[in-house]
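Novice: After the structure tokens below, expect a handful of questions from me.
Chains as they are written, first to last, in the working numbering: chain A, 1 to 682; chain B, 683 to 1364; chain C, 1365 to 2046.
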């Protein structure tokens, strides 16, 4: 069974409906030759199941699934709800999503439906029930994907049914208008609601500005609507599916609490990995960070936080792009293999390539698969063969857990509030980037840990250090969790703008960092954004002058045991506290008044004693990850993302799984090269 | 009484509805400690007055006003019409403003209403009448603010009622379609109207282009609608208010004839002064000029033109910004005091800080007041205390008039026409900037004087020099006023693109500068915009080569007494006249063929003999203004906008009001420092 | 008769409706003094013909035409359908065009109507029939212009009637939904249509993305709608007009098969030539190329392809620009004459200036004519007089044919598909630019030749070399035409991305370049866009390293006679084939794997032996064209686009038509200078 910890499997996304039936068998057999044992199908094929309203047909998929079974292929079968038929959206336009102005978004793309209209949900229910009941028994089917990339094309929903559902969501949550008005601060600018009918999702307003607390609730509502939409399908599938079949979907996309979704409805999450965005023609827009395809490791860590057991449903295998945008070059020779190992290095035991053969029509004519239009073998399919052979050599890694040295904390509340708030949102991205790069370059694997009132997505105690860059929204429950972590011996690092908002995004009348002040032992005395006319800001920490960019909290120690470690340098508050430290129980808390640049994060890593788990000499260009089996066996992955050879030094004898040889001392990694080394237990 | 010339008063904007009643008394008493004697309240509180349609309540404000009176506070009470309740806009959507496409702009921001719908005007009438009748007698209330920042959030109005009102406005103005068609040049592109029903405000068109003469009328209509909307409220207030109560509103915003508004309906205008925009994160967009916060003096001069007696209703006191935009750093230590004195230096005898305490919810969570969320004293409240003490030392200045050496002429017609016209609009901004900077750096205080067919906003004769950079739209009446000014001994300076349009924005079949040609004695022989491939353009004036940028009129002297002072250099019309001079009566006229760069304006200042009113040695970084009492006492303000000390030399004995000491000879101004010097009568 | 090959004529655009009748006679007589014998009138004057619905009037134009005849003026009379009256669009809003969202585009601009609504077409039919029947007999009228600049203001049509007409167009073209679905690849993303009612032109979609094959059909439909709209009028005119009257329209604009339009409905096409866009304030946006006004020669070559016999209906004669955009400086002294000769040099025997006198109102107040508002003679009218005198000296050129050495092939299908496709559209512009500049600088005149299944717009055999930069869409018929050309001795040069799409924009399952592979003898083995992280790419051709930018096809010779001429250098496919060569029949084919930079095109010119038709020494700054009479007389035009003198050397004795002198050896062309030299037959 997929992701059972016994085998790393390869798959591909296949669209039999795009090809002449005469190609099917050949395709499936050639897949097998390339090591592909799993295919995902049917996610955009509603019309094949239900060509007219209420008329169902199974000829197509029955025929295909039988052939798949015959060819020994395992199938992940999808619900086709991401692309409602034209007959449906034309007859029932209320199923369409709408933009902020209420303009419907029409047929011609995908995900143009909303997730709340009773009409759409009924159609979804009916088609999923039909599919679940008819196909579950098919032996080829090993699991189910619900819908496709929910919230990928948009996270903006404004259909009439969305407004109504939002109203119901708020009514359920707040009970009375009085509660709602208080929580949403509607007394400001006379926005008080006196009837539920006055309440809407964001609409067209002057300056595109809306009540920020309502905007936060709007995001919570969108996440909830998406979870319910997937949940509706998951519950139907669970009624009919065979026990050994899994349920998943593919992500990760915005304004969606993927942790809650996965916990409530999925067996595991899968990720769609397209590292080549880093090299696309509009890269500047899409990938602000500068580690290029290595940035995908950031997203894989996010996925691992959601679903420690996860697969890659779509792994890039060729040049990417729609006809109108996202134009990407061909992967360089070696990158397909490198990216496959990147996924595995981060914990994926299933890697399914997108797609088998490039579609010859439609919007994704340039989202190339393994094969080109001409169906001839090519250098990418040759590379896949080599990759497959290599993966067979590392099957011992299957099921091994990712080993992290540090945790970066995050929470949906602060993130979603920050989407609408220039005073903390942009800081978070910068600090995440600073920590990611610094940890990568120091070869320190890390995990993301999600925090909510219900607890953390992974046990915090297993980490020595936890960095929570800007926990803007803070609650009693979360402050207590952080306190427990520290008291039990953990080291917590906080950045500026912490704890100054409550769960609704309001600012309590407390000295900042609010509920975290009892933990840090200090409060914010003065603060400022750094404007365009300001000098660059630093803090003097010991003998070093370390960047303290973007925003500066001037800290004031309030308890005797809170000590000042560093002071500002550069602006009018020169010499005032920038960083404090306090021991609490067995642990310690650092409160930092600014944003973490990469250099800043590196300084913390150094001073906190965070070290790479291996004492090897690795260049900055090479990523290190480690996966550990329950039995203690450990596997180090080294990934060279550059087109240059890289020198490494491994001062111990370790076995290379790919070559079978023992590696010791200095060595050279080839361009885009990969090493998987079995290292002794620690 | 406020602005009675007897006392400079401090105030603040206070929102009792945002805070627990338990805080009110403490707030009011602490204000008093900080020198604050006046508060403005209620401008966004419609629901407190009328929680449901037709149901009025006065409990809230009665209670608060009684407490205010008890604490010795003087109150400016507002009409709450800037933010209609949700119950109103939901039930009567016709009261909403609409965008160009007709999409309503909805609840969630402020000023989302239109100013023409009979339904809205009736609701406004009713609530204002209730307020005026109920509260006028309250002893705490010293005056009234109508609405809030009219035309701030938008100057674009397209509700169905706006279209209808525009039609009525045109019918009243033009009487017949024939008149309208002729004035609007509708024969061009076959735009002739054959029925009033065919007439609309601008709507969605190809290339977002509309008849430019109709666009000019649209702006006149919008100004008129705003004046009528404020006038409706003013007339109700006048029926009920006590005689000693004043009526004002706060500005200045676009597409509004503030001169007419103030003359017809207000006792005086107040200005909202936010110098910190100059240091904001999106400063590049918001403040193209480079004198940063000193640019606010430009706006204060504009306000003074509208209302020689004026106050500051909102004076920035902390970091600024909404949650989504306009992010501004904290004012540097000293800037709060500096900006307060900047307002007073320009004539304001009332300065009211925005706001007492930063709101803890809503869109303006980051538009910080004097106090932060935590309500603790901070460095800004400490600075206010010092500022208050300083103001008490300069009370002798109260009521003194601003003294200007020169007038810059402007008119709404050319300005509004230029908003839609790339061939003169952008020139105006550049020339205004050039003159402002050159005059500032030469320490020559100036006034703006507004010109209309009815006359000028201040007597032109009191100025020796008047600069009218680009009076594109010219009428017989205005040409006559300019002629009188010159004949009586004034010096008039004109730039390019003068006088080539009539009152409807059409171009008369006359040699340019049209109606001004009899005054200048020259006409435009050739002309060109300077394109991207052209050389930089200069004029040779005596021995100097002076910028003549953007647009060049090649002038031709037509009368014997018109002499050529300078010729072009740089392009194909090298050697042709760029500047002419003519004596007319007791005065003289300069016609300049280009735009005024700062260096160009400086050359004119030098050659026209414009001099600073004091013979002091002042650095460019320091602004000088002078206020003079009716009894001849004069007070010079020196303002240092930089974070560096500035050296000055005052070669006469003058008394410093702030220190009480006598200043003479060289001295140093501290960073962000302020001096107020009593100087001998001139 | 105009364009009868006997005389080069001058004209102007005149708008008697804009001026007082008292000016008419003077205007017409002054035109005659300036050599103007032809005027175009009436294209925006529907209301003058039909002031109310169904009420016609001819007083205005009868009076004017009689006066024109009396003054000896020949008139091109227009149908006024580009600007429907306000009474029409207000009463029948279904005649308006709409934007993508369905918002109507309203009165206030021009071309705001759609071309499909039965109501509008009936109004058009009626007014054109009235005009044709009433005015055809008038002796002043020599020809007809239909509408004005069709598809100039927009090529986006989304009115309800457009959606319906598109549906009808597809039904007619595809017959069945099954055919349509297959051709449009609707199985992708489940876009299958199951009823004709589900079909629409593009509408609002997520990411503004629609089915690309439908988008191609949408462009074909828009072209067809425009042709039918003009055709409707042409057919009415043909019923009534005198035989000697011609029918034309003015262009060229986008998404319109001008070749088909001209062939089916017009006697010839006219072009609107505004070279001054090259010097406008927003030039960066409008003219990406760097030859400035010389780029207009590119458009004149396009016009010549559409209509070898053509005129200039609007030739720029002054500064240009609307009130809101396209601001252009005054033409430099000499440019009006230069641009007139540019048009003639490229084959135009009729040049009509836009416009006689600058309009004093409306959107085009700044689209200056020969005269300014003041109606005084000026330097431009003086220049026109000299130009007229010069043209009289070159009347021997009238009727001579343009002589080209090379053909650049193009087709509407690839161009329209490329508008929606980032993977080949942008390449075409770059390569066209590269070839245009390289040919210009080598002084090699060229023609554009349009290719379609029906054949080529000019006989290909008359060219030695044909360059078809990126024929993405390829059909059997076109491949056969290219093969014939080569077999008969032609040299064909192809760039990357050739032949990989079929007529619907789908990618056939063939090795690229698909249907062209049998001709090139090679196929594409690998390919990539060059991303931002890639090195600049070159090919090594002999001893030279030549740019091979943007996109790289790695070629693989499949036939023994296909030889590799050059290999790549710069990226991972270093050393692999970039350019192949093959002899086919009497000719040869070059397949090049990349885009043609200017330097690349220059290398091809050099190696292909393309040479200037004259062996003169000409600087890069000077353009050369040659026109040849049927009797063998040849005239060379030399045009200096710079403001600097240019040295030339003509090593043979030739007669200068403008001076009457014989030129031989070295000489100097004045800034913006023009030479017309009679050269010996070749």
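The beta carbon of each residue, even a glycine, is placed where N, CA and C say it ideally should be. Remember, predicted model here, so these are calculated numbers, not experimental data.
By the criterion of Cβ-Cβ separation under 9 Å, what are the contact partners of residue 1786 of chain C in chain A?
Specialist: Chain A residues near residue 1786 of chain C: 281, 321, 322, 323, 324, 325, 326, 327 and 366.
Novice: Give the C-beta separation of residue 1678 of chain C and residue 1718 of chain C to the nearest angstrom, bearing in mind that I take them to be a contact with Cβ-Cβ under 8 Å.
Specialist: With a Cβ gap of about 4 Å, residue 1678 of chain C and residue 1718 of chain C count as contacting.
Novice: In the DSSP assignment, what residue or residues form a beta bridge with residue 268 of chain A?
Specialist: DSSP, once it has assigned bridges, lists no residue as partnering residue 268 of chain A.
Novice: Measure the C-alpha to C-alpha separation of residue 1245 of chain B and residue 1274 of chain B and round it to an integer number of angstroms.
Specialist: If you take the alpha carbons of residue 1245 of chain B and residue 1274 of chain B, they lie about 12 Å apart.
Novice: Quick one: does residue 1555 of chain C have its CB under 8 Å from some CB of chain A?
Specialist: Yes, its Cβ sits closer than 8 Å to a Cβ of chain A.
Novice: Assuming the contact rule is C-beta atoms closer than 8 Å, residue 737 of chain B and residue 747 of chain B should be a hit. Round their C-beta distance to whole Å, please.
Specialist: No, residue 737 of chain B and residue 747 of chain B are not in contact; Cβ-Cβ is about 20 Å, not under 8 Å.
Novice: In the DSSP assignment, what residue or residues form a beta bridge with residue 1318 of chain B?
Specialist: DSSP output for residue 1318 of chain B lists B:1308 and B:1359 as bridge partner(s).
Novice: Along the chain, where does the beta strand (DSSP E) containing residue 408 of chain A start, and where does it finish?
Specialist: Run containing residue 408 of chain A: 406-410, per the beta strand (DSSP E) assignment.
Novice: Give the list of continuous beta strand (DSSP E) stretches no shorter than 3 residues that lie fully inside the stretch 1165-1227 of chain B.
Specialist: As far as the stretch 1165-1227 of chain B is concerned, its whole beta strand (DSSP E) runs of at least 3 residues are 1173-1176, 1204-1211 and 1220-1223.
Novice: For the candidate residues A:480, A:348, A:503 and A:610, whose alpha-carbon lies nearest to that of residue 463 of chain A?
Specialist: Ranking the options by Cα distance to residue 463 of chain A, first place goes to A:610.
Novice: Go through its chain and collect everything with a Cβ distance to residue 1736 of chain C's Cβ below 7 Å, but skip five positions before and after it.
Specialist: 1722 and 1742, listed in sequence order.
Novice: When you compare the CB positions of residue 149 of chain A and residue 258 of chain A, do they come within less than 8 Å of one another, or not?
Specialist: Not closer than 8 Å, so no.
Novice: Residues of chain B with CB closer than 9 Å to the CB of residue 686 of chain A, please, in chain order.
Specialist: Look at the range of chain A in this structure, 1 to 682, and you will see that residue 686 of chain A is not part of it.
Novice: Can you give, in chain order, each stretch of the alpha helix (DSSP H) that sits fully within the stretch 1587-1633 of chain C and has at least 4 residues?
Specialist: The stretch 1587-1633 of chain C contains these whole alpha helix (DSSP H) runs: 1622-1629.
Novice: Is it right to say residue 262 of chain A is buried, meaning 16 or more other beta carbons lie within 10 angstroms of its own, or is it exposed?
Specialist: Buried: at least 16 other Cβ atoms inside 10 Å.
Novice: Run through chain C and tell me which residues come within less than 9 Å of residue 1192 of chain B, C-beta to C-beta.
Specialist: By Cβ distance, chain C contributes 1737 and 1738.
Novice: Are the Cβ atoms of residue 1986 of chain C and residue 1914 of chain C separated by less than 8 Å?
Specialist: No, Cβ-Cβ distance for residue 1986 of chain C and residue 1914 of chain C is not below 8 Å.
Novice: Please confirm whether residue 533 of chain A has its beta-carbon closer than 8 Å to some beta-carbon of chain B.
Specialist: Cβ-Cβ to chain B under 8 Å: yes for residue 533 of chain A.
Novice: For a cutoff of 8 Å on Cβ pairs, would you count residue 1382 of chain C as touching chain B?
Specialist: Judged by the 8 Å Cβ criterion, residue 1382 of chain C is in contact with chain B.
Novice: Could you tell me how far apart the beta carbons of residue 327 of chain A and residue 1787 of chain C are, in whole angstroms, since I believe they sit closer than 8 Å?
Specialist: Right, their Cβ atoms sit about 7 Å apart.
Novice: Helix, strand or coil for residue 724 of chain B per DSSP?
Specialist: Correct three-state label for residue 724 of chain B: coil.
Novice: Can you check whether the C-beta of residue 676 of chain A is within less than 8 Å of a C-beta belonging to chain C?
Specialist: Not one chain C Cβ lies under 8 Å of residue 676 of chain A.
Novice: Along the chain, which unbroken stretches of the beta strand (DSSP E) at least 3 residues long are found entirely within the stretch 119-151 of chain A?
Specialist: Counting only runs of 3 or more, we get 141-145.
Novice: Would you mind telling me which residues of chain A sit closer than 7 Å to residue 1571 of chain C, beta carbon to beta carbon, in chain order?
Specialist: Simply 109 and 153.
Novice: Let me know the secondary structure DSSP gives residue 378 of chain A once reduced to three states.
Specialist: It is coil, neither helix nor strand.
Novice: Roughly how many angstroms separate the alpha carbons of residue 286 of chain A and residue 110 of chain A, rounded to a whole number?
Specialist: Bear in mind that the predicted position of residue 286 of chain A carries a pLDDT of just 42, short of 50, making it too unreliable to give a figure here.
Novice: When DSSP labels each residue in this structure, what does residue 1373 of chain C get in the three-state scheme?
Specialist: Residue state, collapsed to three classes: strand.
Novice: Which term fits residue 4 of chain A, buried or exposed, when burial requires 16 or more other beta carbons within 10 angstroms of its beta carbon?
Specialist: So residue 4 of chain A ends up on the exposed side.
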